[in-house]
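Participant:
Residue numbers (this note's numbering): 5 to 359.
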């Protein structure tokens, strides 16, 4: 078996997009190996997350139904409230003391639904990183999610080294300059943030941008990554025709700003949810551009999905003791591995409680 990246449990993870959680259908997702069910309350629409297995015979509550704000198990009718307490069992008045499922802390922010799997006493919503562009005025976003049969650490590696765009995504977002341009990497160990930047002064305009922006000829291209371990990845992408410089105040009237956002959420060992979003502040009402970016980016994401599925299978068949080779482009990914290992280690220590 390939090495599996351990899970940092006392962290926030994206479980769903806001639009996926409703009342018409219960949503089932597995996060860090825990099966969860999501729905919204009737009165104010607050998201609820419960363990997705009835205590009686383990029937999935996500395949059951709502009665008001209570879930009625679809097998024998055990009924649970929003706190996970069982409030009805069939055929008897007494409800067993152990008839309860876990309820998990949930926060809805920036059109994302975040969940906390670890110690609920440590769940501080203020520590959730922001992605305000996802539902801010003046921005339009296309989004999707692909499950990948690969260790989530492989997806972190993939997104922190964009030189693979030249080879894996040629004809879409990759051009020769991406692989040829050196990177700068900054690591904030304490905050758990890795920044990787690649600034290309004179680059070919890839079809992804040429067809959506109408730019002809060569471009200046900035790629500035912020990875907030363990889950949120932000790529601040900016392009402009070569020779067009930003204004003195830093504004960029002739530039095109695109925010590429990923939520990297481990589902189980060797499985990860790849939430992908492309937000733009240009041509925001142009449905043709929106459709093009959605289709084009989905193709790019599927190229990553296929590559990582293949890599996971390949690593699973490697002989033990093989040696990995790393070079400069891997600096960000190696820093992320180090931070993830620290978050896992810190999560395994007994919590210090303030009494």
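Ideal Cβ placement from N, Cα and C applies to all residues, glycine included.
#1: Do the CB positions of residue 216 and residue 93 come within less than 7 Å of each other?
#2: Throw me the rounded Cβ distance for the residue 351 and residue 122 pair, which I believe falls under 8 Å.
#3: Whose C-alpha, out of 154, 141, 161, is nearest the C-alpha of residue 338?
#4: Pull up the distance between the alpha-carbon of residue 14 and that of residue 131, whole angstroms please.
#5: For residue 42, which of helix, strand or coil comes out of DSSP?
#6: Residues bridged to residue 326 by DSSP?
#7: Just tell me which of 280, 279, 213, 181 has its CA closest to the CA of residue 206.
#8: The beta strand (DSSP E) that contains residue 71, what's its start and end?
#9: For the structure I just gave you, are there three or more beta carbon pairs, one from the region 43 to 60 and one from the region 93 to 109, closer than 8 Å?
#10: Hey, how far is the Cα of residue 233 from the Cα of residue 95?
#11: Would you give the residue range spanned by the alpha helix (DSSP H) that residue 293 belongs to?
#12: Rounded to the nearest angstrom, what separates residue 261 and residue 178 at their Cα positions?
#13: Quick one: give me the first and last residue of the beta strand (DSSP E) that residue 248 is part of.
#14: Could you please give the first and the last residue of the uninterrupted alpha helix (DSSP H) stretch that includes residue 343?
#15: Pull up the DSSP beta-bridge partners for residue 54, would you.
#16: To the nearest angstrom, how far is it from the Cα of residue 74 to the Cα of residue 150?
#17: Tell me which residue opens and which closes the alpha helix (DSSP H) that residue 214 is part of.
#18: Where does residue 232 fall in DSSP's three states?
#19: For residue 66 versus residue 32, is the C-beta spacing smaller than 7 Å?
#20: Ignore the nearest five residues each way along the sequence and tell me which others in residue 312's own chain have a CB closer than 7 Å to its CB.
#21: I'd like to know whether the C-beta atoms of residue 10 and residue 348 end up nearer to each other than 7 Å.
#22: Pick helix, strand or coil for residue 17, following the three-state DSSP scheme.
#23: Since residue 156 is in the alpha helix (DSSP H), which residue starts that stretch and which ends it?
#24: Is it buried or exposed, residue 321, if we count other Cβ atoms within 10 angstroms and call 16 or more buried?
#25: Can you give me the Cβ contacts of residue 225 inside the same chain, cut-off strictly under 6 Å, excluding the 5 residues immediately before and after it?
#26: For residue 297, is the classification buried or exposed, using 16 other Cβ atoms within 10 angstroms of its Cβ as the cut-off for buried?
#27: When DSSP labels each residue in this structure, what does residue 170 get in the three-state scheme?
#28: If you run the structure through DSSP and keep just helix, strand and coil, what is residue 358?
#29: Less than 7 Å separating the beta-carbons of residue 239 and residue 219?
Facilitator: Let's see:
#1: Contact annotation: residue 216 and residue 93 have beta-carbon atoms that are not nearer than 7 Å.
#2: 6 Å
#3: 161
#4: 11 Å
#5: strand
#6: In the DSSP output, where bridge partners are listed per residue, residue 326 has none listed.
#7: 181
#8: 69 to 71
#9: yes
#10: 48 Å
#11: Per DSSP, residue 293 belongs to the alpha helix (DSSP H) from 291 to 320.
#12: Roughly 17 Å separates the two Cα atoms.
#13: Premise fails: residue 248 is in no beta strand (DSSP E) and is neither H nor E.
#14: 335 to 352
#15: In the DSSP output, where bridge partners are listed per residue, residue 54 has 41, 107.
#16: 30 Å
#17: 211 to 217
#18: strand
#19: yes
#20: 152, 154, 158, 159, 162
#21: Against a cut-off of 7 Å, the Cβ pair of residue 348 and residue 10 comes out as a contact.
#22: It is a strand residue.
#23: 156 to 164
#24: exposed
#25: 204, 207, 243
#26: buried
#27: helix
#28: Any reading at residue 358 is ruled out, since the residue's pLDDT is 36, under 50, leaving its predicted position unreliable.
#29: no
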